[in-house]
Amino acid sequence: MNIFRLVGDMSHLLAIIILLMKMWKSRSVAGISGKSQILFAIVFTTRYLDLFTSFVSIYNTSMKVFFIGTSYVTVYFIYQHFKPTYDSNHDTFRVEFLIVPVGGLAFLVNHEFSLLEILWTFSIYLESVAILPQLFMVSKTGEAESITSHYLFALGSYRALYLLNWIYRYYFEGFFDLIAVVAGCVQTILYCDFFYLYITKVLKGKKISLPA
Amino acid sequence: KGEVEGKDEL
């Protein structure tokens, strides 16, 4: 465990906590894409099936359980508990255009042709694009609350920090996972436009609003 | 230890 990995994980944890707090305190899921959150629930579920087959550490197990659990709570909040505040009219990204190609790619390009490995690969690929419905929603409504921006920044930073972690692990541990690295690059690149807006607007006290 | 491993990461 290096510093980049640890800070990355903490950033991921923070993103999830920010999102849950936003929903709980404001009693609203306005501005949050339920589709992205469903995709994240699928990502965690398919990635952490190794909880049943291997034990790495208490840290590893508790983080995995936390990520799976909170992803379902988030989906529950959006589609049940705070459903009246969910803005489904603006959450219109077609997720089948992500799931189908990503599923096909995981089937074709993986480290090992076994069920768990293919599902792990699927989750890595899917995570890299799972934020698209959310980014689509922000661009469609043309704005994002500050708290939603903080959430997106923490969530995007997590994979960017993992990239540094992989560079570190490559040099000091000889560890290299091409699938994770390529997907991690794609994922981080998708956030670049948002990062720019976050730094130039949100950090200066303005909320993100895009010209119509 | 190579590519198939890596599940220590989240």
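Sequence lines, in order, name chains E and L.
According to the working numbering, the first sequence is numbered sequentially starting from 1.
According to the working numbering, the second sequence is numbered sequentially starting from 213.
Glycine is no exception: its CB is placed at the ideal position from the N, C-alpha and C atoms.
Neighbourhood of residue i by C-beta distance below 7 Å, restricted to the same chain and skipping five residues each side
i: I189/E; result: none
i: V43/E; result: S123, L126, E127, A130
i: D193/E; result: none
i: T45/E; result: I68
i: S146/E; result: V202, K207
i: K64/E; result: Y48, L51
i: F82/E; result: M23, R27, S28, V29
i: S139/E; result: L210
i: E217/L; result: Model confidence at E217/L stands at a pLDDT of 49, short of 50, so the residue's coordinates are unreliable; what they give is reported in the following sentence. There are no such residues.
Residue i and residue j closer than 8 Å at C-beta
i: D91/E; j: K35/E; result: yes
i: L161/E; j: V56/E; result: no
i: S123/E; j: R47/E; result: yes
i: F4/E; j: N165/E; result: yes
i: L210/E; j: E143/E; result: yes
i: V129/E; j: V102/E; result: yes
i: C133/E; j: S33/E; result: Residue identity check: residue 133/E is Pro in the sequence provided, not Cys. Yes, they are a contact pair.
i: F93/E; j: F136/E; result: yes
i: S71/E; j: A41/E; result: yes
i: S231/E; j: S157/E; result: Any answer about residue 231/E is impossible in this case: the structure gives chain E only from 1 up to 212.
i: H111/E; j: I179/E; result: yes
i: L222/L; j: D9/E; result: yes
i: N2/E; j: Y198/E; result: no
Paired residues, beta bridge with residue i - DSSP
i: I189/E; result: Answer is none; I189/E lacks a bridge partner.
i: D209/E; result: A small correction: the amino acid at residue 209/E is Ser; Asp does not occupy that position in the sequence shown. DSSP, once it has assigned bridges, lists E143/E as partnering S209/E.
Proximal residues to residue i (C-beta, below 8 Å), its chain only, five neighbours per side dropped
i: T264/E; result: Since the displayed chain E opens at 1 and closes at 212, residue 264/E lies outside it and no answer follows.
i: H53/E; result: Checking the sequence shown, residue 53/E turns out to be Thr, not His. Here the set comprises L116.
i: A212/E; result: G142
6 Å Cβ shell around residue i - same chain, five flanking residues per side excluded
i: V95/E; result: K35
i: L19/E; result: Y151
i: Y170/E; result: F176
i: W120/E; result: R47
i: G184/E; result: R159, Y162, L163
i: T85/E; result: S28, V29, A30
i: L155/E; result: A15
Sufficient close CB pairs (3 or more, under 8 Å) joining the segment 15-28 of chain E to the segment 74-84 of chain E: yes
Beta strand (DSSP E) segments (min. 3 residues) lying fully within the segment 105-160 of chain E: none
Ordered list of alpha helix (DSSP H) runs contained in the segment 40-98 of chain E, each at least 4 residues: 58-76
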